[in-house]
Every structure is written in C-alpha cells, then in structure tokens.
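Numbering (the numbering used here), first residue to last: 12 to 93. Idealized CB from N, CA, C, for every residue including glycine.
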C-alpha cells in the first residue's frame with residue numbers, strides 16, 4: 012500500500028469524524044428526535060468508512076486528494092456557519 016494513500020485516508024478520518032459530529036448536531040437542531048440523530052450519525056459514519064476503504068484500495072490519486080479536500084472544505088464551512 013502506498014504511503015500517500017495512508018496519509019490521505021488519515022486526513023479524511025481526521026476531518027471526517029468531526030464532520031459526522033457536526034452533521035449529528037445539525038440533525039438534533041432541526042428535529043428533536045434522537046432516532047433521526049442516530050440514523051444521521053450511522054449513515055454518515057458508514058459512508059466515511061466506505062470512502063476510506065475505497066481510498067485505500069482503488070481510487071485514483073487525483074480523485075483521492077479531491078475527496079479529502081472536499082471533506083476538509085465541507086468541515087470548514089459547517090464549522091464557520093454554526
């Protein structure tokens with residue numbers, strides 16, 4: 012496994028886990044349902060996990076780094092908006 016794949020996946024995890032928490036907080040603010048918050052967190056976490064596995068194995072380099080940049084940018088925008 013190439014080193015850049017591991018670095019990109021670690022960066023995705025570092026930015027993605029707080030993003031999952033922000034998404035769960037926004038779901039809590041919009042609906043006062045704990046079931047909605049739990050399902051939002053589960054879906055976001057599974058999507059992040061699958062994206063990490065795909066990045067580690069088969070995603071091309073340019074697309075991998077674009078995904079990492081997009082997740083970091085989304086986290087930045089959501090943190091500034093809240």
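query	result
Residue range of the alpha helix (DSSP H) that includes residue 66	45-68
Length of the line joining the Cα atoms of residue 1 and residue 35	The structure shown does not extend to residue 1, since the chain is modelled only from 12 to 93, so the question has no answer here.
For residue 69 and residue 23, the rounded distance between their alpha carbons	16 Å
Residue 35 in three-state terms, based on DSSP	helix
Proximity of residue 33 and residue 89 at Cβ, strictly below 8 Å	yes
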